[in-house]
Amino acid sequence: MKIGLVGLGKMGLNLAQNMMDHGSEVVGFDLNKDFVDRAAGFGAEAATSLDDLLSKLPSPKVVWLMLPAGKPTESTIATLTDVLAKGDYIIDGGNSFWKNSVEDAEKAEAKGINFFDCGTSGGQSGARHDGNFMIGGTSQEAFDAVLKPIFEGIAEKDGYLYTGAAGSGHYLKMVHNGVEYGMMEAIGEGFDVLAHSQFNYDNEAVAKLWNHGSVVRSWLMELCEEAFAKDANLDEIKGTMHSSGEGKWTLEEALNQQVATPVIGLSLMMRYRSMETDTFTGKVVSAMRHGFGGHAVDKA
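Residue 750 is where the sequence shown starts when you use the working numbering, and the numbers rise one by one after that.
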């Protein structure tokens, strides 16, 4: 399988390597030529433009986007919808808003182009090895015919799911991230209580303990342990908890559906709260976000 990959940043570059490890050929393009050169350095075929990328792909063409949500993704999808042929494939692997994916699919499918929205989890390490993918799109048949072998290679065992109609993949990833907000907030608050107690806990040791046999063992706890190993009390970073927007989308959808999500709602409010003054909760969540996704941390 030969795949065109547009967007070779933190996630895209790792995903390209993962694909190539599992037998796919990758043609890569990014507006940042340095990213293209890095991809070419490990064997990806470099493209100088979107048109050049398409010229290097056999039919049916498969074009996978790993671009920031919003205008970069939407403008690229619009261009591809204009130039691709019936039977070709577009995969939006970014964190696009699910309603945008529904609209993008309608426009693409009106021309006979297969459109798939792919929520991608697992951070940079997941993109590189054994990722987690939530995939909505045109049909199960179109997915099985061309895309299924790709995901069988790049995903962890049972780590991908065709979820149904277009938009359902990004919807599922949106709710996943809302759950993630709540889990990280609870972990951060727990360590904040420990930090204010009369006892002198070793945060790294606590995280290691909780991650071996306890009910709260998780990759997030492992990331806490790694962060505390580097900076015992996270003194080097500020407790500013940035948000990508999906927690907000989840809360808005819950309100629209009249579903009670108090934990997700309060976790989002705490992220906004963290933008004002420093908290230890914020430090812990910021460290975890950096650990799994390479997200920026604000230095103290």
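Beta carbons: idealized from backbone N, C-alpha and C, even for Gly.
Contacting residues, own chain, Cβ-Cβ under 6 angstroms from residue i (five flanking each side not counted)
i	result
L802	G753, V776, F778 and A796
R1038	H1044
V1046	I986, S1035 and H1039
S773	M750 and I752
D879	E905
Any non-hydrogen atom of the ligand ADP closer than 6 angstroms to residue i Cβ
i	result
A944	Judged by which ligands are present, the structure shown has none, so any question about the ligand ADP falls away.
Interface flag, residue i vs chain B, CB-CB below 7 angstroms
i	result
D984	Absence of chain B from the displayed structure is noted, only one protein chain being present.
Residue i to residue j span [Cα, whole Å]
i	j	result
H771	G758	20 angstroms
V895	S808	11 angstroms
A834	E974	49 angstroms
G1042	S870	9 angstroms
M750	E901	13 angstroms
V928	G875	18 angstroms
N982	M923	31 angstroms
V942	Y950	11 angstroms
N952	D831	54 angstroms
V1008	G994	19 angstroms
S967	G861	42 angstroms
P1011	S845	24 angstroms
S888	S1016	35 angstroms
I1013	Y930	6 angstroms
N1005	W998	10 angstroms
G918	A827	19 angstroms
G836	F892	12 angstroms
K897	M760	20 angstroms
R877	N767	5 angstroms
L1000	Y920	12 angstroms
W959	G790	41 angstroms
G1031	E890	45 angstroms
I903	E1002	30 angstroms
I899	L799	22 angstroms
S946	G939	11 angstroms
H961	T825	45 angstroms
H948	D980	The question names His, but residue 948 is Phe in the sequence shown. If I take the Cα positions, the gap works out to 19 angstroms.
E934	S804	47 angstroms
Y925	M883	Just to set this straight, residue 925 is His in the shown sequence, not Tyr. Rounded to the nearest angstrom, the two C-alpha atoms are 10 angstroms apart.
Residue i - containing beta strand (DSSP E), residue span
i	result
V924	Segment S917 to A944 is the alpha helix (DSSP H) holding V924; no beta strand (DSSP E) there.
I752	K751 to V755
N949	Element bounds for N949: n/a, residue is neither H nor E.
V811	V811 to L814
M883	G880 to G886
Close Cβ partners of residue i (< 8 angstroms) along its chain, the five nearest in sequence each way excluded
i	result
G916	W847, K848, S850, V851, A854, D866 and G885
I936	V965, L969, M970, C973, V1033, V1034 and M1037
K1048	E985, I986 and K987
M932	S967 and L969
Q873	K759, M760, N763, F1041, G1042 and G1043
M769	V775, F791, G792 and A793
K810	G753, L803, L833, A834, D837 and Y838
Cutoff 7 angstroms; reference residue i; Cβ partners in own chain excluding five residues on either side
i	result
S829	Note that residue 829 corresponds to Leu in the displayed sequence, not to Ser. These residues qualify, in order along the chain: V812 and I839.
A914	G885
L806	K751, G753 and V776
P821	none
G843	L814, M815, L816, P817, A818 and T822
A944	F1029
A765	L754, L757, V775, G777, A788 and A793
F977	N952, E953 and A956
F1054	Past the edges of the chain, shown from 750 to 1049, lies residue 1054, and the structure says nothing about it.
L762	F784, R787 and A788
Range covered by the alpha helix (DSSP H) that runs through residue i
i	result
A765	K759 to D770
F778	That residue, F778, is in no alpha helix (DSSP H); its beta strand (DSSP E) goes E774 to F778.
T1030	F1029 to G1042
M1019	P1011 to S1023
K906	Taken as a continuous stretch (DSSP letters only), K906 belongs to no alpha helix (DSSP H), being part of the beta strand (DSSP E) at A904 to G913.
S874	G872 to R877
L806	No alpha helix (DSSP H) contains L806, which DSSP labels as neither H nor E.
Q1007	That residue, Q1007, is in no alpha helix (DSSP H); it is neither H nor E in DSSP.
K979	W968 to K979
F784	K782 to G790
Requested in this report: Could you say if the region 972-989 and the region 1022-1041 meet the contact criterion of at least three C-beta pairs nearer than 8 angstroms?
Outcome: A contact exists between the region 972-989 and the region 1022-1041.
- Which parts of the region 825-867 are runs of the beta strand (DSSP E), unbroken and 3 residues or longer, counting only runs that do not cross its ends? The region 825-867 contains these whole beta strand (DSSP E) runs: 838-841.
* To do: Answer yes if the region 780-787 comes into contact with the region 895-914, meaning at least three C-beta pairs across the two stretches below 8 angstroms, and no otherwise.
  => Under the three-pair Cβ rule at 8 angstroms, the region 895-914 does not count as touching the region 780-787.
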